[in-house]
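Per this note's numbering, the very first residue in the sequence shown carries number -2; after that it's consecutive.
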Amino acid sequence: MSPRRFALAGLATLMLGACSTSPKAPATAEATGPVAYLAPKTSGNTLRGPGSGRAVLELHVIEGRDHVKQIAQCDQIYTGAALGGGTARELQVVLCDGDFNNDGEYSLISEPGVVIVRRKPDGGIPYTVLEYRLRDTQARAIAKR
């Protein structure tokens, strides 16, 4: 075998080995990253009238266990894909119909190592309501599926 053919055979073998390996899937579900979402928690009374219990908007972060933080008290909470969100950075948008201190649009933002909830009051400037630090400073939270 000539040196040129020997080199080509070696190169072909090397390329075949490189092409046949594929990245391994994460060993656990947690390896895909923490999960974060905003969800309403109601008092259980679905026929609420004036003066009855209000819904509470909560942040849920699941990284090993479910961490829950209260965000706002609302008379009505509106969620859904039509409001926005659904991207790698802006996971979810929720509208809260409540009093002056709680009324507005809440955005759930995922950044490396942190989950952020921002509130934009009607006609106002957005500001950060809560920052939840993740255990892994490089991980980004993903949306609940």
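No residue lacks a Cβ here, since even glycine has one placed at the ideal position from N, Cα and C.
| query | result |
| --- | --- |
| Excluding sequence positions up to five away, which residues of its chain have a Cβ less than 8 Å from the Cβ of Ile106? | Arg86, Glu87, Leu88, Val112, Ile113, Val114 and Arg115 |
| Does the segment 71 to 81 come within contact of the segment 117 to 128, defined as at least 3 CB pairs closer than 8 Å? | no |
| Spatial neighbours of Asp119 within its chain, please: CB distance less than 7 Å, with the 5 preceding and 5 following residues excluded, ordered by chain position. | Asp100 and Gly101 |
| Would you tell me roughly how many angstroms separate the C-alpha atoms of Glu55 and Asp133, rounded to the nearest one? | 22 Å |
| Taking the beta carbon of Pro109 as the centre, do at least 16 other beta carbons fall within 10 Å, making it buried, or is it exposed? | exposed |
| With the cut-off set at 8 Å, would you say Val58 and Pro31 are in Cβ contact? | yes |
| Just mark Gly82 as buried or exposed, buried being the case when its beta carbon has 16 or more other beta carbons within 10 Å. | buried |
| Who pairs with Lys117 in a beta bridge, going by DSSP? | Glu102 |
| For Ala138, name the three-state secondary structure that DSSP assigns. | coil |
| Which class does Ala85 belong to by DSSP, given the choice of helix, strand or coil? | coil |
| With DSSP as the reference, label Leu131 as helix, strand or coil. | coil |
| Would you list the residues sitting across from Val65 in a DSSP beta bridge? | His57 |
| Would you mind stating whether Glu53 and Gln67 have Cβ atoms separated by less than 8 Å? | For the record, residue 53 in the displayed sequence is Val; it is not Glu. For Val53 and Gln67, yes; Cβs fall inside 8 Å. |
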